[in-house]
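Worksheet: the structure to be examined is printed underneath.
There are 2 protein chains.
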Amino acid sequence: MSVKVPEFDLEGYLPYRLTVIAGQLSADLAKHYKSEFGISMPEWRVLLNVGYTKGLSIRDIEKRVNLEKSKVSRAASKLEAKGYLTKITDDQDRRLLKLTVTKEGAKLLERLIPFAQEFQDKLDKRLGDKIDELHGALDLLMATEE
Amino acid sequence: MSVKVPEFDLEGYLPYRLTVIAGQLSADLAKHYKSEFGISMPEWRVLLNVGYTKGLSIRDIEKRVNLEKSKVSRAASKLEAKGYLTKITDDQDRRLLKLTVTKEGAKLLERLIPFAQEFQDKLDKRLGDKIDELHGALDLLMATEE
DNA sequence: GAGTATTCGTTGCATTTGCAATGAAGTCAA
DNA sequence: TTGACTTCATTGCAAATGCAACGAATACTC
Chain W
139 MSVKVPEFDL
149 EGYLPYRLTV
159 IAGQLSADLA
169 KHYKSEFGIS
179 MPEWRVLLNV
189 GYTKGLSIRD
199 IEKRVNLEKS
209 KVSRAASKLE
219 AKGYLTKITD
229 DQDRRLLKLT
239 VTKEGAKLLE
249 RLIPFAQEFQ
259 DKLDKRLGDK
269 IDELHGALDL
279 LMATEE
Chain C
139 MSVKVPEFDL
149 EGYLPYRLTV
159 IAGQLSADLA
169 KHYKSEFGIS
179 MPEWRVLLNV
189 GYTKGLSIRD
199 IEKRVNLEKS
209 KVSRAASKLE
219 AKGYLTKITD
229 DQDRRLLKLT
239 VTKEGAKLLE
249 RLIPFAQEFQ
259 DKLDKRLGDK
269 IDELHGALDL
279 LMATEE
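First to last, the protein sequences are chains W and C.
Our numbering runs 138 ahead of the 1-based position in the first sequence.
Our numbering runs 138 ahead of the 1-based position in the second sequence.
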């Protein structure tokens, strides 16, 4: 018994393509972050942000980095346990936490960032002049989510 | 004590951007698939493929749809439990499983596909003529993974 | 043909996730 | 001030994930 189904091209389905590509890039990176630096992707994102801006709170990071607050919280705790950042409750508002990188954390970033930069450069090379088009299109997609 | 860290622009970091955007689109879609059709993303991908090609095996799908075989296996089992497809062991090679959509499965696809198509159309509208550029760039990124 | 290696699908298990609930702290209005 | 609401970070828990191990079936090699 043959069943008829409407046409649909999964290969060209944008959400699918984006998910697959992003997933591969992420998995790739995550592997390196883990094996070479001992941290997870969420930890990397949190550490990076704390590295740049002193005294960020969990909520600040949640908004900046598109991570759920529970993820941020756990990532921060792990980074703290590893000695890469410190948590201090804010004196002004004692609900808030001020996250700050330690020297160890800064050292780690000094190794992580060139690695990420290198990866970016590789992608840029692949994309050539298409890179701006890509970013332009991604801007439009970002705007999609209101 | 102030700590110096090399410059890095996370906002413009391509893997990050892709992950965030893909994640938002996926989460969005997953919610609808779940609430309106009662299936997960992996199940949707599996169902779609089985809908088009009769007798696919788990491994076939794994390759086609970028899902780990354990994910495919579990998705297939759930779809079977819900009555959307059947598993039959291949006579030629009894390690293989032949997956086939049931009438119920086909009916579900008839509802799912227009939904997905509509979503795609919305994205196309947002992107306008940038759509081809985007796909072109994604092609290049795909080629990246060897 | 016996023995080894490979392929396929499933499952166990530790880890990660998303979400809701919690408790502590702050805000606001009467 | 008191009491109702909101905000913040953490945590519990159920579900999803990734990976390795397993048993069954087939392919390969001598």
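The C-beta atom is built at its ideal place from N, Cα and C for all residues, glycine as well.
Simplified DSSP assignment, three categories, for residue 169 of chain C: DSSP places residue 169 of chain C in helix when its eight states are reduced to three.
Mind listing the chain C neighbours of residue 197 of chain W? Cutoff is C-beta to C-beta under 7 Å, in chain order. Those do not exist, as residue 197 of chain W stays about 18 Å from chain C at its closest Cβ, beyond 7 Å.
Interface residues of chain W around residue 151 of chain C at Cβ under 8 Å? 254, 258
Is the beta carbon of residue 216 of chain W sitting closer than 8 Å to the one on residue 181 of chain W? yes
Just the Cα atoms here: how many angstroms apart are residue 266 of chain W and residue 260 of chain W? The C-alpha of residue 266 of chain W lies about 10 Å from the C-alpha of residue 260 of chain W.
Would you please verify whether the beta carbon of residue 146 of chain C is less than 8 Å from any beta carbon of chain W? yes
Between residue 238 of chain W and residue 164 of chain C, how many whole angstroms is the CB-CB distance? I'm expecting something under 8 Å. Actually they do not touch by this definition, with Cβ atoms about 33 Å apart.
Less than 8 Å between the C-beta atoms of residue 159 of chain C and residue 246 of chain W, yes or no? no
To the nearest angstrom, how far is the alpha carbon of residue 283 of chain W from that of residue 230 of chain C? For residue 283 of chain W, the predicted model reports a pLDDT of 45, less than 50, meaning its position is unreliable; a value from the coordinates is still stated below. Taking the straight line joining both Cα atoms gives about 49 Å.
Residue 236 of chain W, enclosing beta strand (DSSP E) - first and last residue: 235-239
Does the beta-carbon of residue 241 of chain W have 16 or more other beta-carbons within 10 angstroms, so that it is buried, or is it exposed? exposed
Specify, as a first and last residue, the run of the beta strand (DSSP E) that residue 226 of chain C falls within. 223-227
Check for me: the alpha helix (DSSP H) holding residue 200 of chain W runs from which residue to which? 196-203
Under 8 Å, do residue 272 of chain W and residue 275 of chain C count as touching if we go by C-beta distance? yes
Residue 253 of chain W in three-state terms, based on DSSP: helix
On the three-state DSSP scale, how would you describe residue 190 of chain W? helix
Using Cβ-Cβ distances below 8 Å, what residues of the region 157-177 of chain C are close to chain W? Residues of the region 157-177 of chain C with a C-beta atom less than 8 Å from some C-beta of chain W are 157, 158, 159, 160, 161, 162, 163, 164, 166, 167, listed in chain order.
Any C-beta of chain W within less than 9 Å: which residues of the region 218-242 of chain C qualify? 238, 239, 240, 241
Going by beta-carbon coordinates alone, are residue 148 of chain C and residue 250 of chain W separated by less than 8 Å? Pairing residue 148 of chain C with residue 250 of chain W gives a Cβ-Cβ distance that is not under 8 Å.
Between residue 264 of chain C and chain W, is any beta-carbon pair separated by less than 8 Å? yes
Can you tell me where the alpha helix (DSSP H) with residue 212 of chain W in it begins and where it stops? 207-219
Inter-residue Cα distance where the pair is residue 287 of chain C and residue 171 of chain C: Shown here, chain C extends from 139 to 284; a query on residue 287 of chain C therefore has no answer.
Mind checking whether residue 196 of chain W and residue 210 of chain W have CB atoms under 8 Å apart? Yes, the Cβ-Cβ distance between residue 196 of chain W and residue 210 of chain W is below 8 Å.
Cα-Cα separation, residue 221 of chain W to residue 212 of chain W: Our two residues, residue 221 of chain W and residue 212 of chain W, have alpha carbons roughly 14 Å apart in a direct line.
For residue 269 of chain C, which residues in the same chain have their Cβ closer than 6 Å to its Cβ, ignoring the five residues on either side in sequence? 262
Between C/173, C/178, C/224, C/144, which lies nearest to residue 205 of chain C when the distance is taken from Cα to Cα? C/178
Backbone CA spacing between residue 228 of chain C and residue 176 of chain C [nearest angstrom]: 29 Å
Quick one, which of W/235, W/252, W/145, W/264 has its alpha-carbon nearest residue 192 of chain W's? W/235
Residue 188 of chain C and residue 152 of chain C: beta carbons closer than 8 Å? no
Let me know the secondary structure DSSP gives residue 283 of chain W once reduced to three states. Any answer about residue 283 of chain W is weak, because its pLDDT of 45 lies below 50 and its placement is not dependable; what the coordinates show is given next. It is coil, neither helix nor strand.
Measuring only between beta-carbons, confirm whether residue 271 of chain W sits less than 8 Å from chain C. yes
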